Amino acid sequence: MEFVLKHSEWKVLREVPTFPSSICPSNPETQSLVKSMIRQIVEFHSDIKYLHIGADEVWHMGLCPQCTKRVGSSKYGKASLFLDHVITITQFIKESYPSLKVIIWDDMLRTIDLEILNGILEPLTTF
C-alpha cells in the first residue's frame, strides 16, 4: 500500500498527509482503491487459493479527523477502526471470490483483546 500512497494522486487517502505508510480507513475512496487492487490481483492470478491482504505495521491509525472521531465513539478504540476495515475488505473478497482464503499478518492483532476477536477472526501465527 505504501507504494501506491507515495504517489501524489493517492496522497488524499493517507491517514497522515506526511506519511505514505498507512491508508485512512474512514475515507470512502479507500474502499474503492483497495477493491480495485484486489480485482486486478485476482484477474492476473486467477488460479490463486489464498489472498494476503497485508494489514501489518499500521503505525499511523486513528489520527486523521474522521478516524479520531470514530475511535472516540467506539468501545474498542483503534482496534475497532482496524477490524472494521479488515472485515469490510475480507467480506468483499469472500462475496466476490468465495473460493479464496484471506490471510493477514498477525502483528496488529497481538494487542487486541481476544474478546473482540471472538467470532470475527481467528488469529493464526507461525514461527
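Under UniProt numbering, the sequence shown has 23 at position 23, and the numbering climbs by one with no breaks. Glycine included, every Cβ here is placed at the ideal spot set by N, Cα and C. This structure is a prediction, so every number in the text was calculated from the model and none was measured.
Asked	Found
Alpha helix (DSSP H) runs wholly inside the stretch 20 to 92, at least 4 long, in chain order	28 to 44, 65 to 72
Residue-chain proximity (residue 65, chain D), Cβ-Cβ < 8 Å	No chain D is present in this structure, which holds just one protein chain.
Distance CB(residue 42)-CB(residue 108) smaller than 8 Å	no
Distance, residue 84 Cα to residue 27 Cα	13 Å
For residue 94, three-class secondary structure by DSSP	helix
Limits of the unbroken alpha helix (DSSP H) element including residue 4	2 to 5
DSSP-derived helix/strand/coil call for residue 116	helix
Residue 38 versus residue 110 - alpha carbon distance	25 Å
Alpha-carbon to alpha-carbon, residue 100 and residue 71	31 Å
Outcome for residue 30 when other beta-carbon atoms lying within 10 angstroms are tallied against a minimum of 16	buried
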